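One structure is given here, and the rest of the page talks about it.
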Amino acid sequence: MGWIIALIVGGVAGWLASIVMNRNASMGIFWNIVVGCIGSVIGNALAGPLLGIRGSVQHFSLTGLLIAFVGAVVLLAIVNLVQRNTVR
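So, in structure tokens, the structure goes:
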């Protein structure tokens, strides 16, 4: 049951991050889930050592959603930078 919750929370976090980063039109539900789940890992890697906060997307909490969202925004910012530099 935890992996279903992780997919749902990851999808919501990825979707919100794609809206903030203006990439929503180019992403589908699959990529929103992927970005949200990878963003959760990135967010926990950043928030854990810096702030001492851990959030899990397997057990729904607002902290876990916020950390996944911030990590997803960071991931999409990195993707935007890489794509911008390869287009030139």
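Read in order, the letters of the sequence shown correspond to residues 14 to 101 in my numbering. Here a beta-carbon is modelled for each residue, glycine too, at the ideal position from N, C-alpha and C. On a predicted model such as this, the values are computed, not experimentally measured, just so you know.
Between the CA atoms of residue j and residue i - distance to the nearest angstrom
i, j, result
"SER39", "GLY65", "34 Å"
"GLN96", "PHE73", "32 Å"
"GLY52", "ILE80", "8 Å"
"ALA26", "PHE43", "12 Å"
"VAL86", "ALA58", "14 Å"
"PHE82", "PRO62", "17 Å"
"ILE21", "ILE32", "17 Å"
Cβ shell of residue i (< 6 Å), same chain only, five flanking positions each side left out
i, result
"CYS50", "GLY23"
"ALA60", "ILE66, ILE80"
Whole-Å CB distance - residue i paired with residue j, under 8 Å assumed
i, j, result
"VAL47", "ALA30", "Not a contact, Cβ separation roughly 11 Å."
"ASN93", "MET34", "7 Å"
"GLY84", "GLY41", "That pair is no contact at about 20 Å."
"ARG36", "LEU89", "6 Å"
Cβ-based neighbour list, residue i, same chain, cut-off 7 Å, excluding 5 preceding and 5 following
i, result
"TRP28", "ASN45"
Beta strand (DSSP E) runs contained entirely in the region 15-65, provided each spans 3 or more residues: Contiguous beta strand (DSSP E) elements confined to the region 15-65 do not occur, taking only those with 3 or more residues.
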